[in-house]
Amino acid sequence: CWNTVYHSNEGFECQITLRDEDEERLAQRASEVMESIASSGGVPARRKGFEASNTTFEKSGASEQTSSKKRNKTYIDEDGMRCCNKRLKDGTICGNPVVEREGKYGPFWSCSNYREHAV
Numbered sequence: 003c004w005n006t007v008y009h010s011n012e013g014f015e016c017q018i019t020l021r022d023e024d025e026e027r028l029a030q031r032a033s034e035v036m037e038s039i040a041s042s043g044g045v046p047a048r049r050k051g052f053e054a055s056n057t058t059f060e061k062s063g064a065s066e067q068t069s070s071k072k073r074n075k076t077y078i079d080e081d082g083m084r085c086c087n088k089r090l091k092d093g094t095i096c097g098n099p100v101v102e103r104e105g106k107y108g109p110f111w112s113c114s115n116y117r118e119h120a121v
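If you read the sequence shown in my numbering, its first letter stands for residue 3, the second for the next number, and so on.
In structure tokens form, the structure reads like this:
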């Protein structure tokens, strides 16, 4: 079984699943499908919690960052302040001081700059 999720050039999220008892044939079909998706302008989907496989679309130009370890949401700076370690929409790290708050599902770190965080 082979499965991939991607965004079409129209902006739709698409999922394709291929099944074949012959693994070599399945790999060949998957390669053909990836080439077809890339030539039509499709790009790999990035979902929260979805780990991208080692295969990427060759012609899409999208850079996949597969990291084995996740970043911490906060860090303690040189002055001892806990700061936000989330990435902003412009690609930089937030760095604003955070405050611990109690939410519906327990304690969390609240950042005053949360509107600028990348999703």
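Yeah, the Cβ is synthetic: ideal placement off N, Cα and C, and Gly gets one too. In this text, all values refer to a predicted model and were calculated from it rather than measured experimentally.
- Straight-line measurement puts the Cα of M83 at about 13 Å from the Cα of C113.
- Going by C-alpha positions, I95 is about 27 Å away from G13.
- Cβ contact annotation for N74 (same chain, cutoff 6 Å, sequence separation greater than five): N87, in chain order.
- Shown here, S112 sits in a strand according to DSSP, grouped into three states.
- In the structure shown, R89 falls within a strand segment according to DSSP collapsed to helix, strand and coil.
- Shown here, V121 sits in coil according to DSSP, grouped into three states, outside any helix or strand.
- Contact between G43 and N5 is absent: CB atoms are separated by about 20 Å, not below the 8 Å threshold.
- Distance from Y8 to P46 at the Cβ level is roughly 6 Å; contact confirmed, criterion being Cβ atoms closer than 8 Å.
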